[in-house]
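Engineer: In full-length UniProt numbering, the protein residues as written are 1 to 213. Ideal Cβ positions, reconstructed from N, Cα and C, are used throughout, including at glycine.
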Ligand code: SF4
């Protein structure tokens, strides 16, 4: 099951183990299961039960986590985060396009976030800009080294194309006359003029997965 959230509990450093500790902070926590079912899974026209559920959710401190949980686990039925099935439908349908920077920041802070397509792309772009190496991105996104390398190359190409389109001047590399050839910085373009992933000497391959540089 995917249940990845961005609540404030300390990061465990483990991936794929969903932290559902926010459940215990929900206003509905501890309700009798039958009462909870009747309240949070009402019939579509049971306005009384829907109003009761919304009132409880309105006072709930983990309302946002609850809504994220329902979206990420494709839980289309019932009231979650104060929204009914009908009210959540556009959120479910538009989930791949959702771009929530608080979730991206949470990911960089080591949180176990199930990123949407849009959020994942932002992470890849930032990883390139921050000079992440492929193995670090591979660990963070749980993909192969080759896939991570390809994604960083695509991000590099995107930046290269954008700068060329906008006419952004390329940075000049200062020549150090006294520096031996073996310690010069690696070129950012290949012989064919195509951009390459930027290596950063200080980026540690032993840094915790998901941590920002
Ligand atoms: S938002 Fe509503 S359904 Fe979700 S945990 Fe809180 S009270 Fe329960």
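Could you give the distance in angstroms between the alpha-carbon of residue 212 and the alpha-carbon of residue 47?
Structural biologist: In the chain shown, the residue the question calls residue 212 occupies position 212. In the chain shown, the residue the question calls residue 47 occupies position 47. Its pLDDT being 33, under 50, residue 212 is placed unreliably in this model, and the coordinates cannot settle the point.
Engineer: Of the residues 34, 64, 116, which one's Cα is nearest the Cα of residue 23?
Structural biologist: In the chain shown, counting from the first residue as 1, residue 23 sits at position 23. The candidate whose alpha carbon is nearest that of residue 23 is 64.
Engineer: When the distance is taken between beta carbons, is residue 74 closer than 8 Å to residue 56?
Structural biologist: To locate residue 56, count along the chain shown from 1; it is residue 56. To locate residue 74, count along the chain shown from 1; it is residue 74. Cβ atoms of residue 56 and residue 74: not closer than 8 Å.
Engineer: When you compare only the Cα positions, how much space is there between residue 37 and residue 70?
Structural biologist: Walking along the chain shown from the start, residue 37 turns up at place 37. Walking along the chain shown from the start, residue 70 turns up at place 70. Approximately 15 Å between the Cα atoms of the pair.
Engineer: With distances taken Cα to Cα, identify the nearest neighbour of residue 132 among 118, 121, 82, 149.
Structural biologist: To locate residue 132, count along the chain shown from 1; it is residue 132. Nearest of 118, 121, 82, 149 to residue 132, Cα basis: 149.
Engineer: Would you report the Cα separation of residue 30 and residue 145, rounded to the nearest angstrom?
Structural biologist: Here residue 30 is taken as the residue at index 30 of the chain shown, counted from 1. Here residue 145 is taken as the residue at index 145 of the chain shown, counted from 1. Cα to Cα, residue 30 sits roughly 44 Å from residue 145.
Engineer: Starting from the Cα of residue 97, find the closest Cα among 115, 61, 142, 59 and give me that residue.
Structural biologist: If you number the chain shown from 1, residue 97 lands on position 97. Residue 115 is the option with its Cα nearest to residue 97.
Engineer: Since I believe residue 25 is in contact with residue 62 (beta carbons under 8 Å), could you give me their beta-carbon distance rounded to a whole number of angstroms?
Structural biologist: Within the chain shown, the letter at position 62 stands for residue 62. Within the chain shown, the letter at position 25 stands for residue 25. Sure, about 5 Å apart at Cβ, within 8 Å.
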